[in-house]
Amino acid sequence: MGELRIAAQSLKMSVRSRMQYRVDALVATIAVFVRESANIIVIYLALLKFDVINGWNVNELLFLFSILFLTYAIVVSLFADLRDFSRMIREGRFDRLLVRPRGLLFQLILNNADVIASLGHGLLGILLFVLSAGRVGIQWNLVTILYYTGAIIGGVLIQGGIFIFFSALSFYFVETGSIRSIFYWNMRKFAGYPISIYNRLIQTILIYVVPFAFVNYFPAQYLLRKPDMANYNEAYIYIAPFVGVGVYLAAYLFWRVSVRRYYSTGN
Amino acid sequence: METIIAVEGIRKYYKVAKRDRGMRAAIGQLFNRKYEVKKAVDDISFMIGRGEIVGFIGPNGAGKSTTIKMLSGILYPDAGSVEIDGFVPYKQRKQYVKNIGVVFGQKSQLNWDLPLIESFELMKFIYKIPQEQYEENLKLFSELLDMEPFLRQPVRQLSLGQRMRGDIVAALLHSPELVFLDEPTIGLDVVAKEKIREFIRYMNKTRKTTIIFTTHDMQDIEKVCDRLIIIDKGKKIYDGSIDEIKNKYTNFKTIEILLENGGKETETFDIRVTPMNSVLQKLFAEKHIKDISICEPEIDGIIRDIYEGRLLLDSPAMEGTGV
Amino acid sequence: MRAYVEIAVKKFQDKMAYRLDFFMGIVNTAITIVVYLCIYRALYGNSVEVDGITYQMVATNFVITLGLSNAFGYNEMFLQDKVRDGSITNELLKPVSFIFRLLAENVGEGAFKLIFHFLPALLFTMVHTRLCPPQSALHLLIMFGSVVLGYLILWLLSFIIQTWSFWLFSVWGIITIKNVLVNILAGTLLPLWFMPAALRRLISYTPFEAIYFTPVRIYLGELSGAQLLLGVAVQVIWIAVLGVTANVFWKKGVKKLVVQGG
Numbered sequence: 019m020g021e022l023r024i025a026a027q028s029l030k031m032s033v034r035s036r037m038q039y040r041v042d043a044l045v046a047t048i049a050v051f052v053r054e055s056a057n058i059i060v061i062y063l064a065l066l067k068f069d070v071i072n073g074w075n076v077n078e079l080l081f082l083f084s085i086l087f088l089t090y091a092i093v094v095s096l097f098a099d100l101r102d103f104s105r106m107i108r109e110g111r112f113d114r115l116l117v118r119p120r121g122l123l124f125q126l127i128l129n130n131a132d133v134i135a136s137l138g139h140g141l142l143g144i145l146l147f148v149l150s151a152g153r154v155g156i157q158w159n160l161v162t163i164l165y166y167t168g169a170i171i172g173g174v175l176i177q178g179g180i181f182i183f184f185s186a187l188s189f190y191f192v193e194t195g196s197i198r199s200i201f202y203w204n205m206r207k208f209a210g211y212p213i214s215i216y217n218r219l220i221q222t223i224l225i226y227v228v229p230f231a232f233v234n235y236f237p238a239q240y241l242l243r244k245p246d247m248a249n250y251n252e253a254y255i256y257i258a259p260f261v262g263v264g265v266y267l268a269a270y271l272f273w274r275v276s277v278r279r280y281y282s283t284g285n
Numbered sequence: 004m005e006t007i008i009a010v011e012g013i014r015k016y017y018k019v020a021k022r023d024r025g026m027r028a029a030i031g032q033l034f035n036r037k038y039e040v041k042k043a044v045d046d047i048s049f050m051i052g053r054g055e056i057v058g059f060i061g062p063n064g065a066g067k068s069t070t071i072k073m074l075s076g077i078l079y080p081d082a083g084s085v086e087i088d089g090f091v092p093y094k095q096r097k098q099y100v101k102n103i104g105v106v107f108g109q110k111s112q113l114n115w116d117l118p119l120i121e122s123f124e125l126m127k128f129i130y131k132i133p134q135e136q137y138e139e140n141l142k143l144f145s146e147l148l149d150m151e152p153f154l155r156q157p158v159r160q161l162s163l164g165q166r167m168r169g170d171i172v173a174a175l176l177h178s179p180e181l182v183f184l185d186e187p188t189i190g191l192d193v194v195a196k197e198k199i200r201e202f203i204r205y206m207n208k209t210r211k212t213t214i215i216f217t218t219h220d221m222q223d224i225e226k227v228c229d230r231l232i233i234i235d236k237g238k239k240i241y242d243g244s245i246d247e248i249k250n251k252y253t254n255f256k257t258i259e260i261l262l263e264n265g266g267k268e269t270e271t272f273d274i275r276v277t278p279m280n281s282v283l284q285k286l287f288a289e290k291h292i293k294d295i296s297i298c299e300p301e302i303d304g305i306i307r308d309i310y311e312g313r314l315l316l317d318s319p320a321m322e323g324t325g326v
Numbered sequence: 002m003r004a005y006v007e008i009a010v011k012k013f014q015d016k017m018a019y020r021l022d023f024f025m026g027i028v029n030t031a032i033t034i035v036v037y038l039c040i041y042r043a044l045y046g047n048s049v050e051v052d053g054i055t056y057q058m059v060a061t062n063f064v065i066t067l068g069l070s071n072a073f074g075y076n077e078m079f080l081q082d083k084v085r086d087g088s089i090t091n092e093l094l095k096p097v098s099f100i101f102r103l104l105a106e107n108v109g110e111g112a113f114k115l116i117f118h119f120l121p122a123l124l125f126t127m128v129h130t131r132l133c134p135p136q137s138a139l140h141l142l143i144m145f146g147s148v149v150l151g152y153l154i155l156w157l158l159s160f161i162i163q164t165w166s167f168w169l170f171s172v173w174g175i176i177t178i179k180n181v182l183v184n185i186l187a188g189t190l191l192p193l194w195f196m197p198a199a200l201r202r203l204i205s206y207t208p209f210e211a212i213y214f215t216p217v218r219i220y221l222g223e224l225s226g227a228q229l230l231l232g233v234a235v236q237v238i239w240i241a242v243l244g245v246t247a248n249v250f251w252k253k254g255v256k257k258l259v260v261q262g263g
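Residue numbers (my numbering), protein chains in the order written: chain W, 19 to 285; chain F, 4 to 326; chain S, 2 to 263.
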């Protein structure tokens, strides 16, 4: 119960502090929306010229992308402090959490919501979903809706787990920006395309290392059944919603081990 | 007096990467990095009793903050032990921190864009403060610190002194028995400093709160503390009362002279080494003096002299004083 | 001049202090190249050329563009941070021109990324992908000059927007939108060859075409003789226009700062 009230108060504070600068908040939300749309616009322009990419048409690609945006919108409303964790360490703000009688990850997860990013990504995700979901031949029924919901939750857990994992790396390295930019930001961008277009190395990373393939590609395959699914084990489609739980737990254990290092070195 | 803090031989060494100048060194350190060991805290021990107010002073980088971090459970010592109120801070973090309050003077925990009251509400939930106690403390603290006029203003619009008062309240709302204040008066004006000192004294008197604080301002120490611990280069070099340190230096006198030609000179000396008689004789013989005054050294000056190595706490001059 | 070279060299060395970032930067650039080449390959499918443009040309365009955009990546919020915390006034008191000091720092950082991130990644790419050779040694040489001009256009665009922090609460949003425009309209992701004709014509009236696309076309020999001179002239004109604009905004901003005390 106490935890819920802290969460509610923190969320209220995040929203209200962003709303202090209304014009800026509006401009920033639009900027995020436009920035994220850039990839979509490029794909749209590219497919005007090339029609399909490995058998996927423009609507199917938009659907694939929409899952990334929707999950990320939830991820940043929960995990924003973990996304920016290396800065928190550098500025010494992590010390504050250590002198409060609450779990560290709990405080990090609920402390701060990036309202702007959440809105920007969320609106774009909803827009893409609305534009594509009806045009890609999905039969929306109880089973598919349940599967889709599970996949979204799994996708949030996968990305939250990745953020926790990278945050834990900050206990070992001063600067983790470049690792995060490769293994989170870039991989996320690459996951917007069907992974079957990539070479073996990139596919392996996206399936087994930073499993973005389970955030959008395999869930989308359950609903779309494109021929390139033949390259992968059919089971991947069905375990997709559960991969998140595994990734999250693994990341949590790694965090537990790593946070001890902070006590011995400080920042 | 019941002991609340027992610190025994704590050490904290850091490895610091060495950066040499020049392009060749820059390329070299990509592959082979050299480290230096910095002894932030080097074998410090002390005991503090329940209800004491203890001031920690020392020059920048002396190890004050590192010591506070070890006491508050943020760092664990490389060697030695810390026991506070039956807890080992870095081992039983969650249990231990329920009963302490920490203010980092240079790092606010208040939400920058919102009124103070919002950050206080969050503390209420985090520390599970009963509503009654919360209201009572908030009312009392804001009266004592004159905070009512700005409780509902966004923190970014507050002066540094107002913000610091907010930070102190946020750290004390849950009525901790032990409070660490890391430079709570840094950069504040005289009025704000005085408010904070009064408040610290009040909390100590009425609630028997044990208070440890670090500062650079000797006034803080003189007006608030019973006891002073001086740390320099990672070592404890003094631990005792303010009066004691003053007494130690009563043998030191400072002479200020105004010369006939308008020049001013000052000289500090130890009367056990050079008695007043010989100093004055020498001065009168050598200079044309218009005015002369003899003063006791200020505590500020003493501390400065200790840091700068001009006074040694165990200097031969101190022999026979019983310290 | 010496002072600015020193500033650039200093920044270059600073970047080397972060070991992990250093090695990861190489990996990042290499992966980015591999991924985009995969995407282009998949778009081409079985076709050899589309509109007379081969996969190899697209790959070459991407690699050159990436090198330049890599060199351009630096903290574009620098001026805003300085204005917000008031330290801009200290900067103005220093005996070096702030504009050139900033340029020197950014160039130092860019040189670092080019040499240590881009070059290794380029060599790695050339092992597995055949890129187009330059039209001639002369074209290659002129391309290098044109790349410098392209960098200056990008830098001035960024600086102009940065100067708006004298008036606006935050320029982050505008900078982000500018970067989106650059990414799309300068052909960072999709080469300008494949843009719809109307959009392509529109772009040719903006500075965006002169950033990456002019150097690429010089390298490939698409621009030669009089066309080549025209291309470079257009770059120079844009630099002049943007340079004057930047100077006006900067002067007005500083004046506002001095008059109103921030």
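Glycine included, C-beta positions come from ideal geometry on N, C-alpha and C.
In chain S, what lies closer than 8 Å to residue i by C-beta?
i	result
ASP42/W	PHE170, SER171, GLY174
ILE30/F	MET17
LEU12/W	Since the first residue shown for chain W is 19 and the last is 285, residue 12/W is missing from the structure and cannot be characterised.
Candidates the options: which alpha carbon is nearest residue i's?
i	options	result
LEU128/W	SER28/W, LEU219/W, ASN159/W, ARG108/W	SER28/W
ILE24/W	ARG168/F, LYS211/F, LYS293/F, LYS131/F	LYS131/F
LYS252/S	SER205/S, PHE167/S, GLY232/S	PHE167/S
ALA151/W	VAL76/W, SER136/W, TRP203/W	VAL76/W
LYS110/F	TYR137/F, ILE189/F, VAL44/F	ILE189/F
ALA186/W	TYR281/W, ILE48/W, ASN251/W	TYR281/W
PHE14/W	ILE200/W, ILE176/W, PHE260/W, VAL148/W	Since the first residue shown for chain W is 19 and the last is 285, residue 14/W is missing from the structure and cannot be characterised.
VAL60/W	LEU164/W, ALA98/W, LEU80/W, GLN239/W	LEU80/W
PHE160/S	VAL249/S, VAL148/S, HIS140/S	VAL249/S
TYR17/F	ALA28/F, ASP229/F, ASP81/F	ASP81/F
LEU119/F	ALA173/F, SER68/F, PHE107/F, PHE90/F	ALA173/F
LEU117/F	GLY264/W, PHE272/W, VAL33/W	VAL33/W
The ligand NAD and residue i: does the residue's C-beta get closer than 8 Å to at least one heavy atom of that ligand?
i	result
SER171/S	With respect to small molecules bound, the structure shown includes none, and the ligand NAD cannot be examined in it.
Taking residue i as the query, report the chain F residues whose CB atoms sit under 9 Å from its CB, ordered along the chain.
i	result
MET31/W	ASN114, ASP116, LEU117, GLU121, SER122, GLU124, LEU125
ARG111/W	LYS110, GLN112
Please name the residue or residues paired with residue i in a DSSP beta bridge.
i	result
ALA9/F	MET50/F, GLU86/F
LYS256/F	PHE272/F
TYR241/F	ILE233/F
TYR16/F	LYS42/F
TRP74/W	ILE71/W
LEU117/F	DSSP output for LEU117/F lists no bridge partner at all.
THR212/F	Note: THR212/F sits in no beta bridge, so no partner.
LEU143/F	For LEU143/F, which the question treats as bridged, DSSP gives no partner whatsoever.
How would you list, in chain order, the residues of chain W whose beta-carbon sits under 8 Å from the beta-carbon of residue i?
i	result
ALA133/S	Going by the sequence as given, residue 133/S is Cys instead of Ala. The premise fails here: CYS133/S is roughly 20 Å from chain W at the closest Cβ pair, so nothing lies under 8 Å.
PRO157/F	GLN38
GLY74/S	Residues of chain W passing the Cβ test: none, with the nearest at roughly 10 Å.
What residues of chain W sit near residue i, judged by a beta carbon separation below 9 Å?
i	result
ALA122/S	Result: empty, since nearest Cβ-Cβ is about 12 Å, beyond 9 Å.
Run through chain S and tell me which residues come within less than 7 Å of residue i, C-beta to C-beta.
i	result
MET26/F	GLN14
ILE71/W	ALA43, LEU44
Strictly below 8 Å CB to CB, what residues from chain F border residue i?
i	result
ARG108/W	Here the premise fails: no neighbours, minimum Cβ distance about 12 Å.
Requested in this report: Flag this pair as touching only if the region 173–187 of chain F and the region 87–107 of chain F have three or more C-beta atom pairs under 8 Å; answer yes or no.
Outcome: Yes, they touch.
Report task. Inspect the CB distances between the region 217–226 of chain W and the region 159–168 of chain W and report whether three or more fall short of 8 Å. Result -> Between the region 217–226 of chain W and the region 159–168 of chain W, the count of C-beta pairs closer than 8 Å stays below three; the two stretches do not touch.
Requested in this report: Kindly provide the ranges of any beta strand (DSSP E) runs that are 3 or more residues long and lie completely inside the region 206–267 of chain W, ordered along the chain.
Outcome: none
Query raised in the report: Are at least three pairs of beta-carbons, each pair with one atom in the region 18–37 of chain S and one in the region 51–63 of chain W, less than 8 Å apart?
Result: no
**Report entry** Meets three-Cβ-pair contact criterion under 8 Å: the region 21–32 of chain S and the region 163–183 of chain S
**Finding:** Contact fails between the region 21–32 of chain S and the region 163–183 of chain S, because fewer than three Cβ pairs, one in each stretch, are under 8 Å apart.
Report task. List in chain order: all unbroken beta strand (DSSP E) runs of 3+ residues lying wholly within the region 149–194 of chain F. Result -> 181–185
Report task. Would you check if the region 106–122 of chain S and the region 4–24 of chain S touch, i.e. whether three or more CB-CB distances between them fall below 8 Å? Result -> Segments in contact, yes.
Query raised in the report: Is there contact here, the region 192–205 of chain F with the region 30–42 of chain F, by at least three beta-carbon pairs under 8 Å?
Result: no
Query raised in the report: Would you call the region 50–65 of chain S and the region 212–222 of chain S in contact, with 3 or more CB pairs under 8 Å?
Result: yes
Requested in this report: Would you be able to state if there are at least three C-beta pairs under 8 Å between the region 248–256 of chain W and the region 95–105 of chain W?
Outcome: no
Query raised in the report: If we count Cβ pairs, one from each stretch, closer than 8 Å, do we get three or more for the region 204–215 of chain W versus the region 118–127 of chain W?
Result: no
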